[in-house]
Structure formats: structure tokens, C-alpha cells
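Protein chains in written order, with our numbering: chain A, 1 to 136; chain B, 1001 to 1136.
Even glycine gets a Cβ: it sits at the ideal position worked out from N, Cα and C.
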DNA sequence: AATAAATACTATCAAATTGATAGGATATAT
DNA sequence: ATATATCCTATCAATTTGATAGTATTTATT
């Protein structure tokens, strides 16, 4: 399962992509209201996305958030990795968050292969999806 | 990520499938030693698998565990669902642990479709794998 | 300069989950 | 009887999850 936080992040980005018309930035409170996301929690998430160079923010009146890149250049995997960390089901098959398992030698691990396959099939789907493709 | 508990469960079952020769049941302590799994933690896991009718146990001297069914009839998905619960990435696309999301109407959810695809690709891999196929 | 309105930041928190450990009860083969 | 295995209950520390509260800072407008 992905976390609520990650689900909120994706939905917020899709909302921003949809309503960022160039003139006005998208406000936290609008996203929170429209997408039923707790506002203060959403603040943390959006700040997190800004710190990871997905969003830019503008403070003060008429402030809000904008995508830092075109929506078609933001993949779902990138967001999921920022918010939740590894996508793989085992640390030892993670491409971006690799860790070896303490208890086993990888060469002789019986289950590593299966979870590599799961990882590859999963990434085939997720790598193809962008914030843009979700707004359509 | 699957939990350590789930990883241990799968490895233990593969070990049991490999060393259950019909005459002697497989002991917790042997599995724990050979697979580097904390023994007391493994006890809980094996009891859990027994309560879910994956294993049968024999107490006392020469006791231990055996598969209740042939290894080729125990799928990876079944074990993962027993130990970790849902396999899907969103509650609203889970086949066995469905829950609706509080914050959105499913009909208009922008992200549900993607995670249905991930679920299907994941299950394509996992449904085909059994404890037997992992011992080979 | 004052004000309203937005994000930024820090701190905190409760509940659930994870990953175990400890110790005694019970069953069984010898 | 005894040794040895599972069974059961309780407990625990650390981490993660999902948030909330309150204040500081920035900015547009009047």
C-alpha cells in the first residue's frame, strides 16, 4: 500500500496541473477543500514537494503553488519515491533504495527473483504515467 | 515493501517444503538457524501459518511443522495476504481487502486506474508462483 | 504604513505497526 | 520421569503514520 500522504501528494499535483492557468498559483486551501485533504497535513506535503523541486511556491497574498516542470515531465514513480521511498517489495531489489537483507546471501536467495519480476512489471506501468497523463 | 515477517514466512515455507521428507517434521529451531530468522519471532509466524491452515504442527519431542497441502498448491499471494494483508497499493483497488477511500468518489478518481493496472501486473507474477516453484 | 492573506517553520501528538523477546504451559517420544 | 518440542500470553521499544497547533515570515493591496 502507498501511504495516504502519497495518495494526497499525487492528487494534489494532478489538481495543480489542472488549475494552474499561468496567471494565478494554486492555493493549499483550494486543493484541500476540493480534494478532501486535511489542510495542515497538505501544507507539509506541498512543502515537501517544493523541497524536492517538484513545485515552486509563492508566499503572501495571491501566493500558492505551481509545477516547476511541465506535467508530462513528472512521473508517478518520482513522486512515490519522494514521499514513500522504495517502490520495490524487497530492499534488495530496489533500484533507488537498495539495501541488502541482513539474514541472507543474495546469490542464493530463493525469493529475490520473483520480486524482481514484480518490480519490473510495476515499473512498466508506473514509469509510463505522468501527472499530465493522469489529468486526461 | 513486504514486512520482514512476510519475508520470513515465505522463506520458512520454502525451507519446510525442501526438507519435509515425510518421516520427520521440520523444527522451528532448524529453520531459524539455517535461514537466520530470530527463533521466537519465527514461532509466532509458524503458528500464524498453522492457524491459517497452511501448516500442520506436531508438539513434543520429534515435533515440528509440515505443509498441510502440496507445495504446488500454496501460492505466494495466499501467504502474503495472510501475513501482510492487501497486496494492492490502494485500498479501493484491493481484491481481497477492499475499502473505499474516505476522501474521494471512486467514479471520478484520477489515480484508481493506474493502481488497478499495477495490481493486475503484480498478480500476474505472484499468482503464478507457488512454494514449490520457489524451491526449484 | 497598515492590513489581510498566503506559505514556512517548529513542535507536538496519538494511534497503529513493526520487529521482536521473555517466560511459562502443554504435549509427546523415549 | 525426562527431555524436547510447540503453544500461549504478555510485553516492549522503535518507527511510521496521519495528523494538529501556533507562530513567523512574506507579499499584494489599500
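Bounding residues of the alpha helix (DSSP H) (the contiguous stretch that carries residue i)
{"i": "residue 133 of chain A", "result": "131-135"}
{"i": "residue 1124 of chain B", "result": "1112-1127"}
{"i": "residue 1081 of chain B", "result": "1076-1084"}
{"i": "residue 34 of chain A", "result": "28-35"}
{"i": "residue 1102 of chain B", "result": "Looking at the DSSP string, residue 1102 of chain B is not in any alpha helix (DSSP H), and its letter there is neither H nor E."}
{"i": "residue 1044 of chain B", "result": "1039-1051"}
{"i": "residue 1006 of chain B", "result": "1004-1019"}
Spatially closest choice to residue i from the options, by CA coordinates
{"i": "residue 1037 of chain B", "options": "B/1084, B/1013 and B/1114", "result": "B/1013"}
{"i": "residue 1108 of chain B", "options": "A/35, A/2, A/51 and A/63", "result": "A/35"}
{"i": "residue 1061 of chain B", "options": "B/1020, B/1104, B/1006 and B/1025", "result": "B/1025"}
{"i": "residue 1071 of chain B", "options": "B/1128, B/1094 and B/1002", "result": "B/1128"}
{"i": "residue 135 of chain A", "options": "B/1122, B/1135, B/1119 and B/1114", "result": "B/1114"}
{"i": "residue 1046 of chain B", "options": "B/1088, B/1009 and B/1084", "result": "B/1009"}
{"i": "residue 83 of chain A", "options": "A/52, A/56, A/39 and A/40", "result": "A/52"}
{"i": "residue 1001 of chain B", "options": "B/1122, B/1067 and B/1133", "result": "B/1122"}
{"i": "residue 79 of chain A", "options": "A/66, A/30, A/64 and A/54", "result": "A/54"}
{"i": "residue 1003 of chain B", "options": "B/1041, B/1124, B/1063 and B/1064", "result": "B/1041"}
{"i": "residue 50 of chain A", "options": "A/23, A/16 and A/30", "result": "A/16"}
Contacts around residue i, its chain only, beta-carbon distance under 6 Å, and the 5 residues preceding and following it disregarded
{"i": "residue 1043 of chain B", "result": "1028"}
{"i": "residue 132 of chain A", "result": "71 and 72"}
{"i": "residue 56 of chain A", "result": "66 and 68"}
{"i": "residue 1126 of chain B", "result": "1076 and 1077"}
Beta-bridge pairing of residue i - partner residues as DSSP gives them
{"i": "residue 66 of chain A", "result": "A/56"}
Nonlocal neighbours in the same chain, by C-beta distance under 8 Å from residue i, ignoring five residues either side
{"i": "residue 1092 of chain B", "result": "1098, 1099, 1100, 1101, 1106, 1109 and 1112"}
{"i": "residue 130 of chain A", "result": "71, 72, 73, 74, 75 and 76"}
{"i": "residue 1119 of chain B", "result": "1087, 1088, 1089, 1093, 1094 and 1095"}
{"i": "residue 6 of chain A", "result": "79, 80, 83 and 84"}
{"i": "residue 1032 of chain B", "result": "1038, 1039 and 1042"}
{"i": "residue 1063 of chain B", "result": "1025, 1027 and 1057"}
Contacts around residue i, its chain only, beta-carbon distance under 7 Å, and the 5 residues preceding and following it disregarded
{"i": "residue 1116 of chain B", "result": "1093"}
TODO: For the region 1027-1045 of chain B, enumerate the residues whose C-beta is nearer than 8 Å to any C-beta of chain A, in chain order.
DONE: 1035, 1036 and 1037
Open item on the list: Taking beta-carbon pairs under 9 Å, can you tell me which members of the region 1102-1116 of chain B lie near chain A?
Closed with: 1102, 1103, 1104, 1109, 1110, 1111, 1113, 1114 and 1115
Open item on the list: Along the region 1090-1101 of chain B, where does the CB come closer than 8 Å to a CB of chain A? Name the residues.
Closed with: 1090, 1091 and 1101
Open item on the list: To be precise: take each residue of the region 121-135 of chain A, compare its Cβ to all Cβ atoms of chain B, and keep it if any distance is under 8 Å. Which residues remain?
Closed with: 121, 122, 124, 125, 126, 129, 134 and 135
Open item on the list: Any C-beta of chain A within less than 8 Å: which residues of the region 1070-1084 of chain B qualify?
Closed with: 1076
TODO: Taking a Cβ distance cut-off of 8 Å, strictly less, list which residues of the region 10-29 of chain A are near chain B, in chain order.
DONE: 10, 11 and 14
Open item on the list: Beta carbons nearer than 9 Å to chain B: which residues of the region 52-69 of chain A have them?
Closed with: none
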